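Heads up, the thing below is written out as structure tokens.
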Amino acid sequence: MYVKGLAAFAAAVGVGLLSGAAIAQEVKQEKQSVLGNANVSPVTQEQLNAADKNSKDFLLTNGNYAQTRFYPGKQIGRDNVKNLHVAWIFQTDVKESLETSPIVVDGVMYVTTSFSHVYALDAKTGQQLWHYAHKMGPITVYCCGPNNRGIQVLGDRVYLATLDSKLLALNAKTGEVVWTTNIADPELGYSETMAPTVVKDKVLIGTNGGEYGIRGFVRAYDAKTGKQLWNFNTIPENSVGVWATKDATGRDMHRNIQAEKDMLAKIGDPYAKLGGGVWQNPSVDLATNRIYFVVGNPSPDLDGSNRPGDNLYTNSLVSLDLDTGKYVCHFQYIAHDVWDLDAVSPTVLVNVKDKDGKRIPGVIHAGKTGHIYVHDRKDCSLIRFSETMVPQENMWVLPTKEGARMLPGANGGVEWSPIATDPGQELAYAINLHQPMHYRVESSPYPNGKLWLGGAFTAIPGEQQSGNITAVNYNTGKIKWQVKTPEPMIGGILATAGGLVFTGEGNGKFAAYNSSTGKELWSFRAGAGVNAPPSSYMIGGKQYVVVGAGGNTQVDFKRGNNIIAFTLD
Amino acid sequence: MFGKLMMCGAALFLIASQARAETIAEKVAVCTGCHGEDGKPVDKTIPTIWGQQAGYLYIQLRDFKRGDRKSEIMQPIATQFERDDMLAIAEYFSQKPWPDLGQPRAPKDVAAKAVSASASVGCPACHLDRFQGDGTVPRLAGMGRDYLAKTIADFRTRARGNNPGMSDLMLATSPDDLAALVEYLAGL
């Protein structure tokens, strides 16, 4: 999951530290919580189950439990999107990386910022209703920015996971803390940036920490009390696997299996410090009572010498039983990864064509490799993978001490950015990065919860970076259209029944595209990086689109503190 | 009897809290000898700890005590402290203002070199915007030049072995670029 820089872009556009130093200082304001009164009715499980058909609210981080990011409202469409204008702008107190997915419930919007703040806003006017300023413990350990991606509401509670690895339930009306639970010890490298997924009185949460030698997990906590209900270790005690020599697409990964076997005999199974973070939301299959998520990279990222075996279930799609947390199936994309080209972008449940053209329940994931992978939901098996959305070169050259050049760079392809799908068009929409990098390896023993990269990935100065928005037909694997962008893309995307996709760029551009052709139909300049997933909702018969513009720590895009809502007259 | 106990209890409480207050003051008094009475270190190879991130200060004291970070000077000092002392000391120094060491800004060409190197590795992803740090990641902006040069060199040789990740990143950066970064960071 770790972060790599943006040399070429910074050099070309002249942004970054030099200009940053000249501009006003970005400060983390230690604002106090302000309790308030949000007039919001409790969210029922039935409402959450039907979120995919609800155009009034935006109830889950990725729209619905299937995580399609397909918004069913269509008041804003291809013909009138050109008239979109700002309804309101809310400025938060925190001018740092903004990755929040706004949640809208009954006219109230919940957004979060870096350092785990939560705001409740009037979704029609942008007026603040309450503000929860988390009192952060002194010890936080995280690799890629003090991010927070949002909350979820169930009943009259707002669920939040914080950078210092706590899980909280807040009163949705007032912002008061109802309960707090410690998830894991930040001193050992655990932190939280994801929004919890709440379903059937369970709060599902994973963890960050793949750069610190953690042992990853997904857990369920009781929504009423905060008590842990089950724990699934993303790294099983037998993490060795089948000694796979090829990745999911059939390319040789140049593993030295004999050397690994010798090491295994010497040190035993390395499961205890093997990483495997999960920091994006699982999708929930309500019909089969299963959850699907992807597991991140092994620790240390680039040095495989001390972690023999396939390193299960790192870089994998995994499915569990929702009630018990018991393993159902998995599929590993890259065994024994030494490039940090792990699996991050959240899974999406859609019906797909299997190899015989029969329509079956599927699950798809967009990889850092630049492929969209299409699976059978029943057993996690791979049906197909898409054409590559970004240039690939020299895969899978092993990292060296001097640095080996390989594309894609370690951010992807598709980073954590959630994809959107339009089931009617059988399309998945993904935003991509293109960053040529050097992969270097260094070896060191487990450092007690400290940064453990096993080397470094560095953007190659002078090599051009860019990004793109790509529409892929997941039933054929073919690219339908692609729009190139001047910078690598990170944040997220939303598709709507109005035939549109909305997404933003690091240079502050936020735009709407025809979802069938990629033609740009409207754009807006936010003044800070638009690196967060958009949401949409309706109030008083009017559709709104909302997005955070706060830039990004990971790729160093210009910071801001704006939540911007748009609507038609 | 009841009254007496009450008084006794109150007196004890007073003594206990005084003792604790004195201990903290005593403990940090030692530090001024090197880290400076006004937060400006007495020697150029000694780091600034006034206004540094609390999480980072705590982790360093912990690492000195554990022997994960080697220092003939700091190890014996840190060994006297328990976890709670370290957290309190860290909090105490983090609340002090960061001192201005009056180091000059890096010249344009040096700054440009530093920015390019920093962007290649992605230093601000952890050290945050303008190198202010957060939590267990240290502030670097305005840190003493000689100390920066020394500790970066120590990371490269792993003489400073308490963060192999930082060592890896320093090894991935050329000595030339690091020299520019030192000058740039010191002058921020």
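Listed in order, the protein sequences are those of chains A and B. For the first sequence, position 402 (counting from the first letter as 1) is numbered 402 according to the numbering used here, and the numbering increases by one without interruption. For the second sequence, position 5 (counting from the first letter as 1) is numbered 574 according to the numbering used here, and the numbering increases by one without interruption. Idealized CB from N, CA, C, for every residue including glycine. All values derive from a computational prediction rather than experimental measurement.
- Ranking A:P346, A:D185, A:K401, A:T314 by CA distance to the CA of A:N238 puts A:T314 first.
- Taking a cut-off of 8 Å for Cβ pairs, the region 172-191 of chain A and the region 50-66 of chain A do not touch, as fewer than three such pairs fall below it.
- The beta carbons of A:V81 and A:A512 sit about 5 Å from each other, so the pair counts as a contact at 8 Å.
- Taking a cut-off of 8 Å for Cβ pairs, the region 418-434 of chain A and the region 499-516 of chain A touch, as three or more such pairs fall below it.
- Assigned with DSSP and collapsed to three states, B:E660 falls in helix.
- No residue range can be given for A:C144, since it is assigned to no beta strand (DSSP E) and is classified by DSSP as neither H nor E.
- Distance check between A:R440 and each of A:K450, A:Y537, A:A456 places A:A456 closest, using alpha-carbon atoms only.
- For B:V690, the enclosing alpha helix (DSSP H) covers residues 677-690.
- Cβ-Cβ distances below 7 Å link A:L229 to K202, A220, Y221, D222 in the same chain, with the five nearest sequence neighbours on each side left out; the list follows chain order.
- Closest by C-alpha distance to B:A647, out of B:Q621, B:E606, B:L626, is B:L626.
- In the three-state reduction of the DSSP assignment, B:E752 falls in the helix class, which pools H, G and I.
- A:E211 counts as buried, since no fewer than 16 other beta carbons sit within 10 angstroms of its beta carbon.
- Among the residues facing chain B, A:I563 is not included, as its CB has no counterpart in that chain under 7 Å away.
- The three-state secondary structure of A:I564, taken from DSSP, is strand.
- When CB distances to chain B are screened at a threshold of 7 Å, the residues of the region 437-452 of chain A falling below it are R440, E442, S444, P447, N448, K450, L451, W452, in chain order.
- Within chain A, no residue has its beta carbon less than 9 Å from that of B:A755; the closest one is some 13 Å off.
- For B:A659, the neighbours in chain A by C-beta distance under 8 Å run, in chain order, P138.
- As for any alpha helix (DSSP H) of minimum length 4 sitting wholly inside the region 214-279 of chain A, the runs are 257-267, ordered along the chain.
- Chain B places a beta carbon closer than 7 Å to that of A:V141, counting this residue as a contact.
- Among the residues of the region 143-161 of chain A, those with a Cβ less than 8 Å away from any Cβ of chain B are C143, C144, G145, P146, in the order of the chain.
- With contacts defined as CB atoms closer than 7 Å, A:F70 and A:A495 qualify as a contacting pair.
- Looking from the CA of A:L433, the closest CA among A:S536, A:A120, A:E487 belongs to A:E487.
- Neighbourhood of A:E211 in chain B, by CB distance below 9 Å: G734, in chain order.
- For B:A680, the CB contacts under 7 Å within the same chain, skipping 5 residues up- and downstream, are Y753 in chain order.
- Counting along the chain, B:T720 sits inside no beta strand (DSSP E); it lies in the alpha helix (DSSP H) bounded by residues 714-726.
- Contacts with chain A (Cβ-Cβ distance below 7 Å) from the region 698-724 of chain B involve D698, R699, D703, G704, T705, listed in chain order.
- With respect to the 7 Å criterion, A:N297 and A:D337 are classified as neighbours on the basis of their beta carbons.
- Around the beta carbon of A:E520, fewer than 16 other beta carbons lie within 10 angstroms, which makes this residue exposed.
- Annotation: A:Y271 to A:F217 spans about 12 Å, alpha carbon to alpha carbon.
- Against chain A, the beta carbon of B:V597 has no neighbour under 9 Å; the closest one sits roughly 17 Å away.
- Ranking A:N148, A:H117, A:L453, A:A169 by CA distance to the CA of A:G275 puts A:L453 first.
- Residues of chain B whose Cβ lies closer than 9 Å to the Cβ of A:G454 are, in chain order, P733, G734, D737.
- With 16 or more other Cβ atoms from the protein chains shown falling within 10 Å of its own Cβ, A:K368 counts as buried.
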